[in-house]
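Quick mapping for you: the protein sequence lines, in order, are chains A and B. For reference, each letter of the first sequence is one residue, going 1 to 154 in this note's numbering. For reference, each letter of the second sequence is one residue, going 1 to 725 in this note's numbering. The C-beta atom is built at its ideal place from N, Cα and C for all residues, glycine as well. Remember, it's a predicted structure, so these values are computed and weren't measured experimentally.
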Amino acid sequence: MAISLKLNGKDQTIKAEPGTPLLWVIRDELKMTGTKFGCGVASCGACTVHLNGQPIRSCQTYIEDIEGAEVTTIEAMEDTRIGAAVQQAWVELDVVQCGYCQSGQIMSAVGLLSENPKPTAQEIDDYMWGNACRCATYQRIRAGIRRAADILEG
Amino acid sequence: MTLDTSRRAFLAGAAAIGTVLVVGIRPDGALAANADTMLNPFVRITSDGSVTAIVKHFEMGQGPVTGLTTLVAEELGLSMDQIDYDFAPSNPEVYANTLLGPIQGTGGSTAMANAYAQYRQAGAAAREMLITAAAETWGVDAGTLRIEDGVVSGAGNSAPLGEFVAKAATLDAPTEPRLKDPSEFRLIGNSDVRRPDSAVKGNGTAMYGMDLHLPDQMVTMIARPEQQRATVVSFDDSGAQQIKGFIRAATLPNNAGVAVFAEHTWAAMQARDALDVTWDTSTAETRSSDEIEAEIRAALDAEPAYNVNKTDAGATKVALDGAAMVIEETFYFPLLAHAPMEPLNCTIEATADGGILMHDAAQIPTLPHGAMAQIFDLPMEKIQIKTILAGGSFGRRATPEADYQVEAALAFATTDRSRPVKLVWSREDDLRSGYYRPAFGHKVRVGLDDAGNIVGWDHRIAGQSIMKGTPFEAFLVHDGIDHSSVEGASDTPYQIPGAHFGLTDTEKATSTLWWRSVGHTHTAYVMETMMDKAARAAGVDPVEYRLKYLAGDGVDQQRKAGVLRLAAEKAGWGNAPAGHTQGIAVHKSFASYVAEVVEISGNARDGVKIEKVTCAVDCGLAVNPDVIRAQIEGSIGYGIGHNMRDKITLTGGVVDQFNFPDYEPLRISDIGAIDVHIVPSAEPPTGVGEPGTPPAAAALANAIAAASNVRIGSLPLADNGIRFA
């Protein structure tokens, strides 16, 4: 089947079998590999992208369900105000270790800051719970989100 | 970030960009700088001034890329943004890990310890050669010149170092270049030095093996048996043929599984699901983890097979018999999976000259290098390994059998080799692969006198050896004793009177594998919860009690006591806020000393919340303090997360866990702030990737014991009714 969507601001027509997860369209079809495969069952968050502005797990989002949607991936974050601030904070604090989960962490962090410009530690934990980091960089993820909030506040 | 290792390509590249100055270290340890012969250097400088550190360790997140480039930049006189890095090709002669033996590899928290001298020497040699060339050019005394921020200056002259590359490349390498005095350091020890891999990992452009899309590549996934060591009888791929993108299926030459080839990953996943394989289970594993545990517990009740320290068991028995009080605990540690964030993968392609090129993030590339040569019947030099970033490993990307690389090679071998083959694992493949932290048990009896002093310590260890039956046995097993089974216990810096350590090996139902901090994963928990229990029984503060056994002038004792005191001080030991309870643990591993105070709220019955962790680490000279802090933060999380609630279990030889929902990773909400303090030191740098892990769960268990008066011997903690808030 073919579906149309807006990917990182550009109209795109995608041909894939029904039932294909958005994750594999992004990674294997479009060869945009910043969005990661970690578990395939929506329990690690490595595949997080934004669907109409909301963070979702692309491994459990099927192509036939997103006709006409706006999809944003990590590759477009530097062009957004909040995304750029989060990325700047991540580099300032060297949040990453292996780095494999960090695209997903950043996509979720941007989702959080879009809804809540000044989250408390508890609000960060509640929102970020679903993004696993096997290197356990959580302390810096928390600090990175707070730093990004400060950057955005100016 | 590519490194073409062929001589022709190297020389062609050199010609294209002008002259190249390379500095490396020959297998005999001598510095060398001739680009014609030193094809595998440590530092490469082109005449446009570009400097590249050739990093011999792979990057699984622990920071060797940062550390090794820092060493070169420091000696050469560069700022960190003036140096790039490449991963070294597989060449164990030149890039051996000097602490692991004649293999190239990353592990045992040795990257900085073994590279510290080498990369400084290479950087210093390059500096001296460039300065000599500049001095000759300007007709001045070399002693008047220096390099700062990539600029050679002095005696009224100044020019970018690139201008002297051509002349420097004609010089011999100095045999003993002067290394900078620590007072001259600008980068080493500087907390402001940032990771060079941060930006690419935060914007999606970092390339991991999973991200490779070689032209015309096929994706393969392997249908494996549920029970280990079952073999393929036959398969029916009629269902797979209905999947668009499916190419073919083929039994692996060793009958261990069926490789399913497809045009892309999703098709490979679906086609594998649709494949119907008939297995021969006659030689398959049938044991359950209950049987593994029963065997270990039985071994703990019998006389140990090995007397680890050759001490007098009879004397310990007499001491315990005469003790005023004996405290006792039996411990059990389950199998644990490594579960790196990036599922395993490996890509193999044929090269134009009849060789094999493997794209992989191998922790010990020497192992798959040899395996490839054997499988493809090629000389070693016809096998190239291109190292790429690893999305974590924790030991998993190094198996003695090179398991996943061999799988990729065998799959590739079933093809006509015209298309690259990318092997992809799923998370289920990863958790069920059979490579685990082995199961271990300990049984410890500690005798105390009337004053609470230790008079005897009888310590039995039983479990599944990691090294026996592998090529590492010859180096790491002595007198039958696998040191990795007892490390952290029998070699404890504590000066314990009447100590006796026994070891018994039990059978392996799965493949055992080093897992972040190896034997220390269990020995630290046992040593530190028993010391705590003894302290409480003696009615002595747990910090004071430990210090009694770390008295004297011994370096080991002093450094261990040092971190213990520092962590206690920084944590406000004994002064926890109302409703909070502290637990402490201290351990030496990988030549580093780490003490941790875990502060919890709540209790075992109502729910435990980890409020904060305070840590002191002595890892010698701190090359990259912020990387060290990050490693300790992460390794604490790794230790606490698994011991809270994770285990791998088997039923009839089949792994019970499938994916993260039933092998739950540590989550952000599980753990509060971690505060790391580094002991200032001029000693040579030691490990930081692992030493934070061993004491973490022990400190947590000690906090829970202090809050709730429960001692937990069988892990994970959650299996004992401990709830976490």
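Quick check: what's the CA-CA separation for residue i versus residue j?
i	j	result
B/G734	B/T504	Residue 734 of chain B cannot be examined here, being either before or after the span of chain B that is shown, 1 to 725.
B/D28	B/L650	48 Å
B/G727	B/S433	The structure shown does not extend to residue 727 of chain B, since chain B spans only 1 to 725, so no value can be given for it.
B/G156	B/L78	20 Å
B/E291	A/L7	53 Å
A/V96	B/E473	35 Å
B/L564	B/A535	15 Å
B/S402	B/R120	Sequence inspection shows Ala at residue 402 of chain B; the Ser mentioned does not correspond to that position. One C-alpha to the other measures close to 32 Å.
B/M644	B/G579	21 Å
A/D65	B/S635	40 Å
B/L300	B/V446	15 Å
B/I17	B/A630	Bear in mind that a pLDDT of 48 at B/I17, under 50, signals an unreliable position, so the number given afterwards is only what the model happens to contain. Roughly 38 Å separates the two Cα atoms.
B/A568	B/T492	20 Å
B/D553	B/G562	12 Å
B/S708	B/V608	10 Å
A/Y127	B/T529	35 Å
B/E664	A/D79	34 Å
B/G204	B/G652	42 Å
B/R322	B/H587	The sequence as given places Gly at residue 322 of chain B; Arg does not occur at that position. Whole-angstrom Cα-Cα distance: 29 Å.
Just grab the DSSP bridge partners of residue i for me.
i	result
B/Y95	DSSP, once it has assigned bridges, lists no residue as partnering B/Y95.
B/E349	B/L357
A/P55	A/H50
B/D416	Per DSSP, none; premise fails for B/D416.
B/Y306	B/L503
B/V43	B/V23, B/A53
B/Y728	The displayed coordinates of chain B run from 1 to 725. Any statement about residue 728 of chain B would go beyond what the structure contains.
B/G77	Bridge partners of B/G77: none, in fact.
B/Q405	Beta-bridge pairing links B/Q405 to no other residue.
B/T512	B/Y436
Indicate whether residue i and residue j have their beta-carbon atoms separated by less than 7 Å.
i	j	result
B/A173	B/A125	yes
B/A285	B/Q363	Note that residue 285 of chain B is Glu in the sequence shown here, rather than Ala. Their beta carbons are not under 7 Å apart, which means B/E285 does not touch B/Q363 by this criterion.
B/I678	B/A462	no
B/G24	B/A32	yes
B/A571	B/T614	yes
B/A131	B/A142	Going by the sequence as given, residue 131 of chain B is Ile instead of Ala. Yes.
A/I151	A/A85	yes
A/A136	B/G189	no
B/G488	B/H520	yes
A/T48	B/W266	no
B/L715	B/F333	yes
Can you tell me whether DSSP reads residue i as helix, strand or coil?
i	result
B/H369	helix
B/S714	strand
A/G83	helix
B/N702	helix
B/L31	strand
B/R8	Confidence at B/R8 is low in this model, with a pLDDT of 43, below 50, so its placement is unreliable and the value that follows should be read with caution. It is helical.
A/D94	coil
B/H580	strand
B/I648	strand
B/P160	strand
B/K386	strand
B/I461	strand
B/T61	The amino acid at residue 61 of chain B is misidentified as Thr; the sequence shows Gly. If DSSP states are grouped into helix, strand and coil, B/G61 belongs with coil.
B/M531	helix
B/A230	coil
A/R134	coil
Of all Cβ atoms in chain E, is any one closer than 7 Å to the Cβ of residue i?
i	result
A/I14	This model lacks chain E altogether; the protein chains it does include are A and B.
Fill in: Short-range partners of chain A found in the stretch 451-472 of chain B, where Cβ spacing is below 7 Å
none
Discussion item. Please list, in chain order, the residues of the stretch 655-670 of chain B that have any C-beta partner in chain A closer than 9 Å.
Written reply: F658, N659, F660, P661, E664, P665, L666, R667, I668, S669, D670
Worksheet item: For the stretch 90-104 of chain A, which residues have a beta carbon sitting closer than 7 Å to at least one beta carbon of chain B?
Response: Identification of residues in the stretch 90-104 of chain A having a C-beta nearer than 7 Å to some C-beta of chain B yields W90, V91, D94, V96, Q97, C98, G99, Y100, C101, Q102, S103, given in sequence order.
Fill in: Residues, ordered as in the chain, of the stretch 27-47 of chain A that lie near chain B by beta-carbon distance below 8 Å
R27, D28, E29, K31, M32, T33, G34, T35, K36, F37, G38, C39, G40, V41, S43, C44, A46
Item to complete: Taking only beta carbons into account, state which residues of the stretch 199-212 of chain B come closer than 9 Å to chain A, listed in chain order.
Response: Cβ proximity to chain A below 9 Å picks out A199, V200, K201, G202, N203, G204, T205, A206, M207, Y208, M210, D211, L212 from the stretch 199-212 of chain B.
Worksheet entry | Selection of the stretch 250-278 of chain B by Cβ proximity to chain A, strictly under 9 Å | E263, H264, T265, W266, A267, M269, Q270
Worksheet entry | Contact list for the stretch 48-68 of chain A against chain B, Cβ threshold 7 Å | Those residues of the stretch 48-68 of chain A that come within reach of chain B (Cβ to Cβ, closer than 7 Å) do not exist; the list is empty.
Discussion item. Along the stretch 68-80 of chain A, where does the CB come closer than 8 Å to a CB of chain B? Name the residues.
Written reply: Flagged, chain order: T73, I74, E75, M77, E78.
Worksheet item: Along the stretch 342-363 of chain B, what residues have a CB closer than 8 Å to any CB found in chain A?
Response: E342, P343
Worksheet item: the stretch 596-630 of chain B: which residues have C-beta closer than 7 Å to a C-beta of chain A, in chain order?
Response: D626, A630
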